[in-house]
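Using UniProt numbering, you'd call the opening residue of the sequence shown number 1 and step up by one each time. The beta carbon of each residue, even a glycine, is placed where N, CA and C say it ideally should be. None of these values were measured; they are calculated from a predicted model. Notes follow once the structure below has been shown.
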Amino acid sequence: MRKTVGILGLCGILAGCGQVGLLPSANPTQSEGQTRPQSRPDALQTEVRLPPTNARTVDEFDTTTAEERAAAVAPTAASAEQALGSTVVSLGSPAQPGFWLETSLVSAPAKGRVLYPATGESVQVDLIPIDGGGSRLSLPAMRLIGVPLTDLAEVQVFSGG
């Protein structure tokens with residue numbers, strides 16, 4: 001009985017801390033002075049189309065158009081590129097549309113290209129900086145270069161182009 005009362009008391013204290021702002025809010029609304037990430041106007045995808053809330057299949061999550069896919073695999077000028085290195089990628093959030101790579105190989109957002117040596121295919125992506133090792137590649141990008149969605153695959157990353 002004492003344990004139950006103690007747990008209930010702790011829950012009440014934590015609830016009170018959340019009310020006065022001592023704990024981070026579970027509510028994703030912005031606080032004053034904070035900014036939320038905004039899509040770049042030069043992004044490969046011009047219109048953001050989120051997958052439906054009831055999406056279950058890969059095709060339902062991939063909201064890119066045939067034109068966007070064609071633009072993403074269009075060749076780039078190799079002379080304008082800089083090799084950043086290799087990284088192991090896993091599938092990023094399928095609910096986040098577009099062609100992107102979250103990686104620690106960049107320290108600022110940039111345009112780039114990902115090459116999957118196993119297929120020889122490459123895709124133009126937005127490079128998004130993250131902390132730590134490993135990288136996350138968007139669902140549409142993985143599909144275009146032939147990376148199995150459940151694999152950890154090594155890719156080569158280039159900036160520019």
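Inset, instruction - Give the secondary structure of D59 by DSSP, where H, G and I count as helix, E and B as strand, and everything else as coil. - result: Here the question's residue 59 lines up with position 59 in the sequence shown. Of the three classes helix, strand and coil, the one that applies to D59 here is helix, per DSSP.
Legend entry - Status (buried if at least 16 other CB within 10 Å, exposed otherwise) for V147: The count along the sequence shown starts at 1 and reaches residue 147 at position 147. Under this definition V147 is a buried residue.
Inset, instruction - Could you tell me whether the region 133 to 151 touches the region 113 to 124, where touching means 3 or more Cβ pairs closer than 8 Å? - result: yes
Inset, instruction - For residue 162, collect the residues of the same chain with a Cβ closer than 7 Å to its Cβ; drop the 5 residues on either side in sequence, then sort them by chain order. - result: Coverage of the chain is limited to positions 1 through 161, which leaves residue 162 absent and any answer about it impossible.
Legend entry - Which of helix, strand or coil DSSP assigns to T29: On the sequence shown, position 29 is the one that residue 29 refers to. Note that T29 has pLDDT 44, beneath the 50 cutoff, so the model's placement of it is unreliable and the number below is only indicative. In the structure shown, T29 sits in coil (DSSP, three-state: anything other than H, G, I, E or B).
Inset, instruction - List the endpoints of the continuous beta strand (DSSP E) containing V125. - result: Here the question's residue 125 lines up with position 125 in the sequence shown. V125 -> beta strand (DSSP E) spans 121 to 129.
Legend entry - Cα-Cα separation, T57 to E68: Locating residue 57 in the sequence shown gives position 57, counting from the first residue. Locating residue 68 in the sequence shown gives position 68, counting from the first residue. Near 20 Å, if we compare the C-alpha coordinates of E68 and T57.
Inset, instruction - Can you grab the Cα-Cα spacing for the pair V157 / T87, in whole Å? - result: Here residue 157 refers to the residue found at position 157 when the sequence shown is read from its first residue. Here residue 87 refers to the residue found at position 87 when the sequence shown is read from its first residue. V157 and T87 have their C-alpha atoms some 7 Å from each other.
Legend entry - Where the alpha helix (DSSP H) containing V73 begins and where it ends: Residue mapping note: residue 73 aligns to position 73 of the sequence shown, counting from 1. Where V73 is concerned, the enclosing alpha helix (DSSP H) stretches over 66 to 73.
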